[in-house]
Amino acid sequence: MGMARLTAGQLAAATSGLSCVHRYGWVWTEGVDVTSRRSFRTECGLCCAPLTDPPLAAFADMPALAQHFPSEKELSGDGRVDFSVLECAACGLVQVDSAPVYYFRDVIRASAYSPAMRDFRLKQFAQWIDAYGLSGKRILEVGCGRGEFLELLRLSGVEATGLEHNADSVGHCRGAGLPVVCGYPSAAGESLAGAPYDGFISLSFLEHAADLRDFLLGVRRALSPGAVGLVEVPNFDMIYRSGLSAEFMTDHLWYFSESTLRRTLEFSGFDVLECSVIWHDYIISAVVRARVGLSSAGFAETRDRLAGDLERFFSETPRGKAAVWGAGHQALAVIAMYGLERFVQCVVDSAPFKQGKFTPGTHLPVLSPSVLRADSALTSVLVAVGSYADEVVKSLLNEYPEHLQIGILKSDRVERVIR
Ligand SMILES: [Zn+2]
Numbered sequence: 006m007g008m009a010r011l012t013a014g015q016l017a018a019a020t021s022g023l024s025c026v027h028r029y030g031w032v033w034t035e036g037v038d039v040t041s042r043r044s045f046r047t048e049c050g051l052c053c054a055p056l057t058d059p060p061l062a063a064f065a066d067m068p069a070l071a072q073h074f075p076s077e078k079e080l081s082g083d084g085r086v087d088f089s090v091l092e093c094a095a096c097g098l099v100q101v102d103s104a105p106v107y108y109f110r111d112v113i114r115a116s117a118y119s120p121a122m123r124d125f126r127l128k129q130f131a132q133w134i135d136a137y138g139l140s141g142k143r144i145l146e147v148g149c150g151r152g153e154f155l156e157l158l159r160l161s162g163v164e165a166t167g168l169e170h171n172a173d174s175v176g177h178c179r180g181a182g183l184p185v186v187c188g189y190p191s192a193a194g195e196s197l198a199g200a201p202y203d204g205f206i207s208l209s210f211l212e213h214a215a216d217l218r219d220f221l222l223g224v225r226r227a228l229s230p231g232a233v234g235l236v237e238v239p240n241f242d243m244i245y246r247s248g249l250s251a252e253f254m255t256d257h258l259w260y261f262s263e264s265t266l267r268r269t270l271e272f273s274g275f276d277v278l279e280c281s282v283i284w285h286d287y288i289i290s291a292v293v294r295a296r297v298g299l300s301s302a303g304f305a306e307t308r309d310r311l312a313g314d315l316e317r318f319f320s321e322t323p324r325g326k327a328a329v330w331g332a333g334h335q336a337l338a339v340i341a342m343y344g345l346e347r348f349v350q351c352v353v354d355s356a357p358f359k360q361g362k363f364t365p366g367t368h369l370p371v372l373s374p375s376v377l378r379a380d381s382a383l384t385s386v387l388v389a390v391g392s393y394a395d396e397v398v399k400s401l402l403n404e405y406p407e408h409l410q411i412g413i414l415k416s417d418r419v420e421r422v423i424r
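Residues 6 to 424 (my numbering) make up the sequence shown, in order.
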């Protein structure tokens, strides 16, 4: 197997910023030979499931890098690598088993776009901006390269900012008067300058990311909740249908079909609003929305309200003269959460296998409901049996002593039973 020997600078660029212990399946520590590319990956880089064997395709003695053209002096250090293309058994994502190239954070676009591409992008951006009300909004281009599309975004009527890791490209953009943040998306670490943005685009960049989920969660972190994005990648459906082996390379770690792109985005903080194939079948284009997180307010509100109701219900009963009817999971949780051991002498339950035992964690005796008839000292009972409450209350009213005060535990309050 051939080797690509990297210079010290390239090695540092490849390893800097990558955490030693990677959360999603692979480990990269100082001293790992990044030039050895065989079977770098044996688990899916998205979902960690095993990759299918045998591979979809295997390649030997291939160029190690597609975007580093060695100078004459570098020729002796330039070599070849072997790699395989594998499908994930679980999520279906197709991926190469090689390590990322040292410049995976940099956008390297071979040339400026053609006039046809320019027209296509202007029309596409205008439609996207119109459809999602983005006119005048702050849009981040993740991986902006030398600012080719930033210019078009500005022409389309949004306030465009670029995010680019390559220092030369950042300098070029700034020289052209285009605002650019130097960096790379990551779910951890410092937040991005100018964040949160109202929307983003990322064109032909995701397939280079060493860690898909960290990249996408990093993008999401730079957005306001519900922000809309445009994500584009090369179309693997076309590569597969046409059997195009020459499309595989170590620069592109991930080969998305429409379904695996959707799955990747939805697994990484986004909802997919639209997904289609564009540009002569070469590109998959997805419109996404940064998923809005859930709120904890509802749980807290219910908890506060119930705490007040329980306190009021039991404070009217002499301490230790109350019982809870029901030893189901909800009753056990309520006893523990609100410290009902302070008020309650026992728990009654009609399930014989619970009787004679104690409540888990809170250690109240579990007795037969007949104790409510036998022990006249018990003066109140909280019915905590969920959907069986009507049945239990009916029985309490008809078959148990009249002095018993009855409360029903509802999801967010205690309801008194008036005789
Ligand atoms: Zn997978």
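Think of the CB as a built atom: it goes at the ideal place given N, C-alpha and C, for glycine as much as any other residue. Computed from a predicted model, the values in this text were never measured in an experiment.
Where Gly180 and Ser264 are concerned, what is the direct C-alpha to C-alpha distance, given to the nearest angstrom? 40 Å
Hey, is Ala215 close to ligand 1, as in C-beta under 6 Å from one of its heavy atoms? Answer for Ala215: no, Cβ out of range of ligand 1.
Alpha carbon to alpha carbon, how far is Ala312 from Cys351? Give it in angstroms, no decimals. Approximately 19 Å, taken between the alpha carbons.
Got a sec, what are the start and stop residues for the beta strand (DSSP E) Phe205 sits in? 202-208
Return the CA-CA distance between Glu237 and Ala193, expressed in angstroms with no decimal places. So the two alpha carbons sit approximately 24 Å from each other.
Helix, strand or coil at Glu279 [DSSP, three-state]: strand
Return the residue from the list Ser381, Glu346, Phe241 that minimises the CA-CA distance to Leu258. Closest in C-alpha terms to Leu258, from the list Ser381, Glu346, Phe241, comes Phe241.
Test item: CB-CB of Gly150 and Ser119 under 7 Å: no
Using 8 Å for Cβ pairs, my map puts Gly425 next to Leu217. What's the rounded Cβ distance? Because residue 425 is not part of the residues shown, which for the chain are 6 to 424, the question remains open.
Which of the three DSSP states, helix, strand or coil, is assigned to Ile411? The answer is strand: DSSP assigns Ile411 an E or B state.
Which residue wins for smallest C-alpha separation from Val277, given the options Ser290, Trp284, Ile283, Asp286? Ser290
How close, in whole Å, do the beta carbons of Ile244 and Phe205 come, if the pair is a contact with beta carbons under 8 Å? Wrong, their Cβ atoms sit about 26 Å apart, outside the cutoff.
Please report the distance separating the alpha-carbon of Val186 from that of Val293. Val186 and Val293 have their C-alpha atoms roughly 22 Å apart.
Taking C-beta to C-beta, are Arg226 and His170 nearer than 7 Å? For Arg226 and His170, no; Cβs fall outside 7 Å.
Report yes if the CB atom of Asp354 is closer than 7 Å to the CB atom of Val371, and no otherwise. yes
Between which two residues does the beta strand (DSSP E) holding Val349 run? 349-353
Please state whether DSSP places Arg418 in a helix, a strand or coil. coil
Kindly identify the DSSP beta-bridge partner or partners of Ser164. Per the sequence presented here, residue 164 reads as Glu, with Ser not at that position. Its beta-bridge partners are Arg143.
Might you give, ordered along the chain, the residues of its own chain that have their beta carbon closer than 7 Å to the beta carbon of Gly188, omitting 5 neighbours on each side? Leu168, His170, Leu197
Which class does Ser247 belong to by DSSP, given the choice of helix, strand or coil? helix
Same chain, Cβ closer than 6 Å to Leu70, neighbours up to 5 away in sequence not counted: Val106
So is Ile283 buried or exposed if we call it buried at 16+ other beta carbons inside 10 Å? exposed
Distance between Phe272 and Val163 (C-alpha atoms, nearest Å): The straight-line gap separating the alpha-carbon atoms of Val163 and Phe272 is approximately 28 Å.
Relative to ligand 1, is the shortest distance from any of its heavy atoms to the C-beta of Leu61 smaller than 6 Å? no
Boundaries of the beta strand (DSSP E) in which Ile288 is found, first to last residue: 288-295
Val39 to Phe363 span [Cα, whole Å]: Low confidence applies here, because Val39 scores a pLDDT of 45, under 50, leaving its location unreliable; read the following figure in that light. The alpha-carbon atoms of Val39 and Phe363 are separated by roughly 59 Å.
Ala356 to Ala389 span [Cα, whole Å]: 14 Å
Taking Ser89 as part of the beta strand (DSSP E), name the residues at either end of that continuous run. Residues 85-92.
Can you grab the Cα-Cα spacing for the pair Gly141 / Asp286, in whole Å? 31 Å
Can you tell me whether DSSP reads Glu77 as helix, strand or coil? coil
Just how far apart, CA to CA, sit Ala410 and Ser385? The question names Ala, but residue 410 is Gln in the sequence shown. C-alpha separation (whole angstroms): 4 Å.
Is DSSP giving Ser103 helix, strand or coil here? The DSSP-derived three-state label of Ser103 is coil.
Considering only residues of the same chain and omitting the five flanking positions on each side of Ser416, which have a CB-CB separation below 6 Å? none
On the DSSP letters alone, give me the boundaries of the alpha helix (DSSP H) that Asp2 sits inside. Nothing can be reported for residue 2, as the shown portion of the chain is limited to 6 through 424.
So, is Pro374 buried or exposed, given that buried needs 16 or more other C-beta atoms within 10 angstroms? Buried, since its Cβ has 16 or more Cβ neighbours within 10 Å.
According to DSSP, which residues form a beta bridge with Pro55? According to DSSP, which records beta bridges pairwise, Pro55 is partnered with Glu48.
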